[in-house]
Amino acid sequence: MYNTRLETAMGPNPGMWEQPIAQGRGIVVTGGFFEAHATKTTRSPKTGRKIKQQYRFESGGGTPLLLATVCGQGCFSVVTTRPNANVAPVHNRMPLALTLAEARWWLRAPWPNLVANWQKLANREGFALTAAPEQPAASAALGQGTLF
């Protein structure tokens, strides 16, 4: 499944997002998210090839992030929006990260209220995130069976 652009899902032609955004809104709780830098590269310790530099974004103070999702036909998709000042130097989109109050509203708002007010959620300038480049791990350093 693809990410869901908030502007598309709420626009005049939502396409496949029409029903999920109206009836299948959800939340994913996570410690952070990753984005690949648009131009910066680093060397893979595994292959030696150039790969895009990955950045990890987290909320300040270790607070979990609440990411807006939509669900439909047994799948879910993370909702994205324009990047804020923390994400823009790295990537041209970001997940729709919500405060607790915004997450409650996202889950409970009747459809007419969402239609009238979705643009307030799209602006994430006031949502503070920290960014740090991730160092690619060599496969041998991870150990067999390690997921992270």
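One rule links them: number in this note's numbering = place in the sequence shown (from 1) + 7. Where is the CB? At the ideal position from N, CA and C, for every residue including glycine. Note that the coordinates shown come from a computational prediction; the quantities given were computed from them, not determined experimentally.
What would DSSP say about residue i, mapped onto helix, strand or coil?
i, result
"Val14", "The residue asked about is misnamed: residue 14 is Glu in this sequence, not Val. Helix at Glu14."
"Thr37", "strand"
"Glu42", "strand"
"Gln61", "strand"
"Pro19", "coil"
"Ala135", "coil"
"Tyr9", "coil"
"Pro27", "helix"
"Pro140", "strand"
"Thr54", "coil"
So, are the CB atoms of residue i and residue j less than 9 Å apart?
i, j, result
"Asn24", "Val77", "In the sequence as presented, Asn is not what sits at residue 24; that position holds Trp. Yes."
"Ser66", "Asn10", "no"
"Pro102", "Leu72", "yes"
Among the options, which residue has its Cα nearest to the Cα of residue i?
i, options, result
"Ala108", "Val122, Pro140, Ala75, Gly81", "Ala75"
"Pro119", "Gly68, Ala29, Gly33, Ile34", "Ala29"
"Val35", "Thr48, Ala45, Thr15, Cys82", "Cys82"
"Ala110", "Thr70, Pro27, Gly33, Gly22", "Gly33"
Using a Cβ-Cβ distance under 9 Å, would residue i count as near chain B?
i, result
"Thr46", "The displayed structure is made up of one protein chain only, and chain B is not part of it."
Would you mind listing the beta strand (DSSP E) stretches within the stretch 64-131 that are 3+ residues and don't spill past its ends, in chain order? 72-79, 82-88
Between the stretch 129-139 and the stretch 87-102, are three or more C-beta pairs nearer than 8 Å? yes
Pair every Cβ in the stretch 49-64 with every Cβ in the stretch 121-132, then say whether three or more of these pairs are closer than 8 Å. Because the criterion of three Cβ pairs below 8 Å is not met, the stretch 49-64 and the stretch 121-132 do not touch.
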